[in-house]
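Okay, structure first, notes after.
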Amino acid sequence: MCGCISELEQKHLLEKSEIFKIKGRDKHGNKMLRIIGKFFPARIVSVEVLNKYLEEKIFPRLEKRRFSVLYVHTDVQRSENFPGISALKSIYEAIPINVKENLEAVYFIHPGLQARLFLATFGRFLFSGGLYEKLRYVSRVDYLWQHVRRNEVEIPEYVYDHDEDLEHRPMMDYGLESDHARVYDAPAMDSMYSMRCIS
Numbered sequence: 617m618c619g620c621i622s623e624l625e626q627k628h629l630l631e632k633s634e635i636f637k638i639k640g641r642d643k644h645g646n647k648m649l650r651i652i653g654k655f656f657p658a659r660i661v662s663v664e665v666l667n668k669y670l671e672e673k674i675f676p677r678l679e680k681r682r683f684s685v686l687y688v689h690t691d692v693q694r695s696e697n698f699p700g701i702s703a704l705k706s707i708y709e710a711i712p713i714n715v716k717e718n719l720e721a722v723y724f725i726h727p728g729l730q731a732r733l734f735l736a737t738f739g740r741f742l743f744s745g746g747l748y749e750k751l752r753y754v755s756r757v758d759y760l761w762q763h764v765r766r767n768e769v770e771i772p773e774y775v776y777d778h779d780e781d782l783e784h785r786p787m788m789d790y791g792l793e794s795d796h797a798r799v800y801d802a803p804a805m806d807s808m809y810s811m812r813c814i815s
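Here it is as structure tokens:
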């Protein structure tokens, strides 16, 4: 991450983009911290500024009561909005112990194959304090409502659109098919032409 703009501007950007929002409850009555990964400006906001923002605006509202995290991973791309492994570790280590102790569950919507493999391999080592055991993968939004009160949490429209893609291309769910945009309705090749290519 690079801090190309001032600290104040970075904090304003975090506030305006509503990446972090405390609203709603899960089915156990715990507060919900919703995190939208797609909105995170990883190339502009530094880890230091992010940690300060969380310390000032988010953690004080979570330290006294049990809460769950709803992390929306839909459309997170390594080059655009993913802060990186070392940044994630730094952010996790900066969370106050009383906040960590109040965390009940992390609902991880649309985890890609890479995210699942990474967390299965390194999650226990990177995230101490039992966070890995609190992780719940949610492959479709419909499955989220088993854990979270539907009318209390806002899910962006593009997340539902991704669910729709998964319905039509289920192999994407398991990483067997890429989720990159492609042309699906390409015209079929003339069989004469294809036979000529073989001979």
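Using this note's numbering, you'd call the opening residue of the sequence shown number 617 and step up by one each time.
Where a beta carbon is used, it is the ideal one built from N, C-alpha and C, also for glycine.
Residue environment, residue i, which counts as buried when at least 16 other CB atoms sit within 10 Å
{"i": "G653", "result": "buried"}
{"i": "Y776", "result": "exposed"}
{"i": "L733", "result": "exposed"}
{"i": "H784", "result": "exposed"}
{"i": "S794", "result": "Note that S794 has pLDDT 49, beneath the 50 cutoff, so the model's placement of it is unreliable and no number is given."}
{"i": "Y774", "result": "exposed"}
{"i": "P727", "result": "buried"}
{"i": "F656", "result": "buried"}
Beta-carbon proximity of residue i to residue j, cut-off 8 Å
{"i": "V722", "j": "V769", "result": "no"}
{"i": "A710", "j": "N667", "result": "yes"}
{"i": "I725", "j": "Y687", "result": "yes"}
{"i": "E720", "j": "H644", "result": "yes"}
{"i": "S633", "j": "V663", "result": "no"}
{"i": "R756", "j": "D779", "result": "yes"}
{"i": "M648", "j": "R659", "result": "no"}
{"i": "R677", "j": "N646", "result": "no"}
{"i": "K627", "j": "V665", "result": "yes"}
{"i": "H763", "j": "A731", "result": "no"}
Three-way DSSP call (helix, strand, coil) for residue i in this model
{"i": "K637", "result": "strand"}
{"i": "K673", "result": "helix"}
{"i": "I701", "result": "helix"}
{"i": "I660", "result": "coil"}
Residues sharing a beta bridge with residue i, DSSP
{"i": "S684", "result": "M648, A721"}
{"i": "D691", "result": "In DSSP, D691 forms no bridge with anything."}
Mind pulling the beta strand (DSSP E) runs of 3 or more residues that sit fully within the region 715-793? 719-725, 751-754
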